[in-house]
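Heads up, the sequence shown stops at 733 in this note's numbering, and the numbers go up one at a time, no gaps.
Note that beta-carbon positions come from the ideal geometry of N, C-alpha and C, so glycine has one too.
The block underneath contains the structure these notes are about, expressed in structure tokens.
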Amino acid sequence: MADGPQHMQFQTEAKQLLHLMIHALYSHKEVFIRELVSNASDALDKLRFESLTNSSLLSGNKELAIRIKLDKNAKTITISDNGIGMTRQEVIDNIGTIARSGSKAFLEKMSGDQKADSNLIGQFGVGFYSAFMVASSVKVVTKRAGSDEPAVVWESKGESEFTIAEADKTEAGTDITVYLKDDETTYTEEWQVRSIIKKYSDFIAFPIYLPNDKGTDEIVNQSKPLWRRATSEITQEQYEEFYQQVLGGYEKPLSILHNRAEGIMEYSSLLFIPSKAPFDLFNMERKHGVKLYVKRVFILDNCKELLPEYLRFVRGIVDSEDLPLNVSREMLQKNPVIDKIQKALVSKVLGKLKEMAENEPENFKTFWKEFGPVIKEGLHTDYENKDKLLEIIRFQSSMCESKDDFVSLKQYTSRMRTDQKDIYYITGESREIAEKSPHLEIFKSKSIEVLYLTDPIDEWVVHDIMNYDGKQLKSVTQGNLDLGELGKEEEAAKKESESKYKKLSERIKDILADNVKEVRITTRLKDSPACLVADDNGMTPHMEKLMKAMGQGVTEQKRILEINGDHPILSNMKFWFEKDSKDTNLEEWAHLLFEQALIAEGQMVPDPLAYSRRVNNLLVKASSI
Ligand code: ADP
């Protein structure tokens, strides 16, 4: 390796980010301090954690702290930590060439709204670069704890390249020096920096030292863990600041759950229900939002074991007195203490959601729109809490006037029509498609409410629910429709139609042998001539689509064509059929009935060309002069 500094290029996305930081974000630049302090705090957490298995890392009982130095003459602000530090390779990987996963998402989310965009910085893990909003250049001197490698110095002006060289720092940790642009020297003012730290970094769990006007170092943050204080001592603002500063929340949380458990188990928990879903909520590699502490010592970020997958959006911290300090990820997996804490937390969160639904309907609506589909996963995975989840879940329905209205199963059953036996639903891609389905005609005419299940997960959810309050969940596109008392009249008419249309039904079945498994008279329809329904245990076409989208091989299933004996098309067909049962027009019409039924439910016809030829033939006849 050459002795002098080595020049290296940033990768494209890192370059784009830097460009944006420098040229597009020009308000709230002060957040760069928050980002650098938060990185320093992470580095201290990491060191403390590694020292649990390698005590030499903390030799000499040194105090883990963040120190800030200001230099008016040199126009610099330096943020130092005696945390984990970085090796040469880590510097290159973490702040150099590698395009980090969050960078791209960040670039896509930029809205042009200064305040919103500066909040995004922390959310997407691109904080380090924010220093370039105020810097003419940035210097990082760092030494990895527990490594023999010499320290390194990284420098960049935030253009296309950076340099990296050896440095002579002997203590582990990182010093980040920001060389301020001429018009950004306000960040060398002690009062200014102090107030920024108070505003954004007050709850960092390590002391942050800043020299006062007499030049002596003073701790400027609270540094006593908020979750250890009594709830009565904490204001709403402090909770919200904690949420933003320590947990990286970027909006106001919808709900806060702060608890202290004493007795057989001792732990504190401070959980937040966010008001906005993160961009990667459905990414399998998404991190969980709960941090684990043991006796105030940070142990792990993203502790999956503390909450089930379906509550992965909850952010917070849990501080246990019962776990050993040297607990490892592996140990957490089947740990009775963790299991008990998890149970208690789940019950707290679900209780809170139920309460929110009852007392803060607007908040709950926001919650449901953001996290509804995730909560529904719980019905599949958390059998123990099924009953609680059934009280929480919501659906759109034919009785909801707007897209923002939802109904619970409880509400549904309480406003069911007398004599209605079952809970009806339709699955589909969207409310718009579902509500136009011909299968709903009889339900509309009798004012029977139908749930619209339009989240992809709903096809599974209905099988997990099966029944509620003694009522079965029934698809309106599946099986024989049995409305009981409510359908008496139609049933009588159906009997009559069945004998009337027996022969024609058979003929249509022969014509459509490749497409449908049966043709029968329906009671479902009022205005449409025909619709398609699946067997009782058959797959709905929506489910078929979803399975295909997930790359699962599914054999397409033939469905049943149900025809409406009261419709003029059918009575006309019957007329021609009785004149000549071999009439080739019947073939055309039967195919059209089938194809229109598909189109009405938002499906593709199997042979669009043949379909349009059939329609054209009809048009020629109808328009002939
Ligand atoms: P994030 O902190 O969200 O991962 P950043 O862009 O702020 O994103 O930082 C990138 C990475 O650089 C960090 O993940 C960390 O590995 C490393 N890093 C930044 N600052 C420090 C520091 N003070 N000590 C050790 N590592 C650091």
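- For Phe683, the uninterrupted alpha helix (DSSP H) run begins and ends at 676-687, by DSSP.
- Note on geometry: alpha-carbon atoms of Asp563 and Pro481 lie some 7 Å from one another.
- Taking 8 Å as the cut-off, the C-beta of Glu143 counts as close to a heavy atom of the ligand ADP.
- Cβ-Cβ distances below 8 Å link Trp697 to Ile677, Met681 in the same chain, with the five nearest sequence neighbours on each side left out; the list follows chain order.
- Rounded to the nearest whole angstrom, the C-alpha separation of Asp430 and Lys403 is 8 Å.
- Shortest Cα-Cα distance from Ser264 to any of Gln704, Lys608, Ile200 involves Ile200.
- Pairing Ala259 with Ala239 gives a Cβ-Cβ distance that is not under 9 Å.
- If one requires a minimum length of 4 residues, the alpha helix (DSSP H) runs lying completely within the segment 435-493 are 437-441, 444-467, 469-489, in chain order.
- By the 16-neighbour rule on beta-carbons within 10 angstroms, Glu438 is exposed.
- Note that the C-beta distance between Phe380 and Val422 is below 9 Å.
- Of the candidates Gly191, Ser522, Met655, the residue whose Cα lies closest to the Cα of Phe314 is Gly191.
- Taking non-hydrogen atoms of the ligand ADP into account, the C-beta of Ala151 is found less than 8 Å away from one of them.
- If you look at Pro315, you'll find it isn't in any alpha helix (DSSP H); DSSP assigns it neither H nor E.
- Scanning its chain for C-beta atoms nearer than 7 Å, with the 5 sequence neighbours on each side dropped, one finds around His115 the residues Glu269, Thr271, in chain order.
- Proximity of the beta carbon of Phe236 to the ligand ADP is indicated: a heavy atom of the ligand is located closer than 8 Å.
- In the three-state scheme derived from DSSP, where H, G and I count as helix and E and B as strand, Thr296 is classed as helix.
- In the displayed model, Gly281 falls within a strand according to three-state DSSP.
- Residue environment: Gln117 is assigned as exposed (fewer than 16 neighbouring CB atoms within 10 Å of its CB, all protein chains considered).
- Glu606 and Val641 do not touch by the CB rule: their CB atoms are close to 16 Å apart, not below 8 Å.
- Going by C-alpha positions, Asn471 is about 53 Å away from Ser613.
- The beta carbons of Ile176 and Val301 sit closer together than 9 Å.
- Distance from the CA atom of Gly204 to the CA atom of Lys137, rounded to whole angstroms, is 22 Å.
- Arg722: member of the alpha helix (DSSP H) spanning 716-731, first to last residue.
- Scanning its chain for C-beta atoms nearer than 6 Å, with the 5 sequence neighbours on each side dropped, one finds around His366 the residues Thr339, Leu378, in chain order.
- Here the distance from the Cβ of Ile130 to the nearest heavy atom of the ligand ADP is not below 8 Å.
- When secondary structure is reduced to three states using DSSP, Ser255 falls in the coil class, being assigned neither helix nor strand.
- Boundaries of the alpha helix (DSSP H) harbouring Thr692: 692-708, taken from the DSSP string.
- At a cut-off of 8 Å, the beta-carbon of Ala148 counts as near the ligand ADP: some heavy atom of the ligand is closer than that.
- Here Thr648 is not near Thr692, since their CB atoms are 9 Å or more apart.
- Our two residues, Ala148 and Ala173, have alpha carbons roughly 9 Å apart in a direct line.
- Between the segment 181-190 and the segment 292-307, the count of C-beta pairs closer than 8 Å reaches three or more; the two stretches touch.
- For the 9 Å CB-CB criterion, Lys473 and Ile500 do not form a contact.
- For Phe240, there is no enclosing beta strand (DSSP E), since its DSSP letter is neither H nor E.
- Ile284 is positioned such that its CB atom lies closer than 9 Å to that of Lys247.
- Excluding residues up to 5 positions away in sequence, Pro546 lie with their Cβ nearer than 6 Å to the Cβ of Ser636 in the same chain.
- Per DSSP, the unbroken alpha helix (DSSP H) holding Ile619 starts and ends at 610-619.
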